[in-house]
Every structure is written in C-alpha cells, then in structure tokens.
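Chemist: With the first letter of the sequence shown counted as 1, position 64 gets the number 991 in the working numbering; the numbers rise by one all the way through.
Note that the Cβ used here is the ideal one computed from N, Cα and C, for glycine as well.
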Amino acid sequence: MAKKISGCFPALVTPMKEDGNRLNHEINFDSFKQLIEHVLRGGVTGIVPAGCTGHAASLTAEEQVKLVGFAREQAPEKAAVIAGDGSNCTREAIELAKKVEGIGVKMHLQICPYQNKPTQEGLYQHYAAIAKAISGEMIIYNVPGRTGRNIEPETVERLAKEFSNIISIKEASGNIEQIKKVIELTKDYDFDVISGDDGLTLDIIKAGGTGCISVAANVAPQKTSEYIKLALEGKIEEAAKIDAELQPLFKILFIETNPGPCHYALRKIGIPVGVPRLPLVDVTKESAEKIDAVLKQLGLI
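This is how it looks when you write it as structure tokens:
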C-alpha cells in the first residue's frame, strides 16, 4: 500500500520573542520563518508545527491555529504540514481540528489525552469521535511519558481497521517490542507507523516503520533526513553510520525537558528562537556546556 506518512518531519519548536515576559512571550514569527527555511533546506519531507516540541500546552488555541497557518504559507505545497491540534478534551480537540481545516490544513496530529488518563475504550471513543467529525486525516500520537497513558496495540488496530482517515500513529512509547506489534497488527490496513523517538527511528524503520517526527531535525535537518531516506531505501548500513554519528545529539536534546535543550541548540547555531514560556525554562549552565560539546563534535558550531 502507498505510504502517506513517510520521511522526516521536524517537530518544530515555537520561537519566542525575548520580551522579558516569561509568562506570555509573543511568538516570534520572523524566527519561525527562519527555522522553517532552515529545515526545508535540509531536505525534510514536511513540518509539524504546534506539537509537544512547540510547547503547544502553553499556547492558546488561536495561537496554535495562527502558527499552523503561518507554517502552511511558508512551506511549498509539496511539503506536508501536520498540525499539532490535539487536546485531552475531545470536544476541544474537534473544535481545534475544525479551525485548522478552515485554514486549509487537513493533516492532524492528535495526542493521547493527558492528565485524565482514559481507559482503552475511552481512548478508542476519543479518536473515533474526532475521526467522525473531521474531513481530513489523523495521526494518533502515543507518548505515555507525557500523557500518563499508553495506547495499546489492540486499540490502534481497532482504530486503523474502522476509520480510513486514521492513517498513522506517531509512536513515542520507547517500547520497541510494542511498536513492532503495532506494525504487525496494522500491516493489512492503509496505515503507517512513524517514530516519535529519534534514538529508535532506525530500529523502527527496520521493523517496517516509515520515518520520524523528529526533534533532532530542527537542529540537524540535513543529516537527519539523509539517514531516514537511506533507511527507507533499504540502505541500512549507510543509514546506520549517520545514525551512530547523530546518537549523541538525540540524547543531549533530552538532557532536560524537551524543548528546552532544542531551543538552546538552535540559538547556538544562529536561529534566535528564544526560550519557551513558563513553566518551561532555559537549560542550566551545566547542560548548555554538554550541548555545546555535542554541537562542536558534529561540526554544527
């Protein structure tokens, strides 16, 4: 079956102005344009604005829609724009997805509901309600480290089987055996499994996955997109060499809560993305020194 979600998709940070207001930094759209140009020059397949790496939890719904719309305007038509527009409230997730569709973006990344920790049946009903309400296509996002709830493989299979517009899952459970099971259970459907964890992407592609929604591709888009392309072409040894080179970057970008380290790394390579809004903060001096060392090792600074 044709793969709809395949390649390298940076989960873009949301640049903030350094206006001294830690509670409510304004979005820096000039820097966002610079970031989008940077990753597109690196050969990425598409972009993901307003996701977890874009600290969407600290954005208003209006800001999210504006961010997604700006990304669509800046990216060429051939580059996919996947909107981070999920919520732990099903009603709000539907409302936000419809607003995003109103500005012409039809691909939705819907995070597993966080904080309220629904059962597997609740997760099924959540995604089913959204799938029925939207006209576009949806990627489920499983990230139990942030949400406190894992979407089980059988729930994913049920959704893939019953809803043709649920086309993929972004898997960031960190559990490679679970991810392999999802790939196996959904192989007969028009459904893709994409990595949400840079460090596991090569293993996921080898198991039948189709790429990565990547944090590292903000900072090193060319190398990240290159090894993913090679892996998808079956050139595993060549891909593995680049993957091994990038592993220190994959790890260091999570030395503190994402996206703090990514904001710092982007500033170091010359993209003035500022720091996230509270409650997220900039990295410590000790973490900054470790990030600097990896960036120097990779020739990025």
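Would the segment 949 to 962 count as touching the segment 1190 to 1206 if we require 3 or more Cβ pairs under 8 Å?
Modeler: Counting Cβ pairs under 8 Å, three or more are found: they touch.
Chemist: Going by Cα to Cα distance, which pick from VAL1142, ALA1144 and HIS1035 is closest to VAL995?
Modeler: Taking only the C-alpha atoms, the option nearest VAL995 is HIS1035.
Chemist: What residue range is occupied by the uninterrupted beta strand (DSSP E) comprising LEU1036?
Modeler: Start and end: 1034 to 1038.
Chemist: Quick check on ILE1078: buried or exposed, where buried means 16 or more other Cβ atoms within 10 Å of its Cβ?
Modeler: The residue in question, ILE1078, is buried, as its Cβ has 16 or more Cβ neighbours within 10 Å.
Chemist: For the segment 1181 to 1198 against the segment 1154 to 1166, are there 3 or more C-beta pairs whose distance is under 8 Å?
Modeler: With a cut-off of 8 Å, the segment 1154 to 1166 and the segment 1181 to 1198 do not count as touching, because too few Cβ pairs lie within range.
Chemist: Report buried or exposed for ILE1038, applying the criterion of at least 16 other Cβ atoms within 10 angstroms of its Cβ.
Modeler: Buried is the call here.
Chemist: Verify whether the separation of the beta carbon atoms of ARG999 and GLY973 is less than 8 Å.
Modeler: Against a cut-off of 8 Å, the Cβ pair of GLY973 and ARG999 comes out as no contact.
Chemist: Using 7 Å as the cut-off, classify the Cβ of GLY1226 as near or not near the heavy atoms of the ligand ATP, replying yes or no.
Modeler: Judged by which ligands are present, the structure shown has none, so any question about the ligand ATP falls away.
Chemist: By DSSP, does GLY1187 sit in helix, in strand, or in coil?
Modeler: GLY1187 falls in the helix class under three-state DSSP.
Chemist: Put ALA1010 into one of helix, strand or coil per three-state DSSP.
Modeler: Three-state result, ALA1010: strand.
Chemist: Output the distance between the C-alpha atoms of PRO1186 and GLU1213, rounded to the nearest integer angstrom.
Modeler: Between PRO1186 and GLU1213, the C-alpha separation is close to 17 Å.
Chemist: When DSSP builds the beta bridges, which residues end up paired with SER1095?
Modeler: DSSP output for SER1095 lists ILE1066 and ASP1119 as bridge partner(s).
Chemist: Taking 8 Å as the cut-off, decide whether the C-beta atoms of GLU1084 and THR1113 are in contact.
Modeler: In this structure, THR1113 lies closer than 8 Å to GLU1084 by Cβ.
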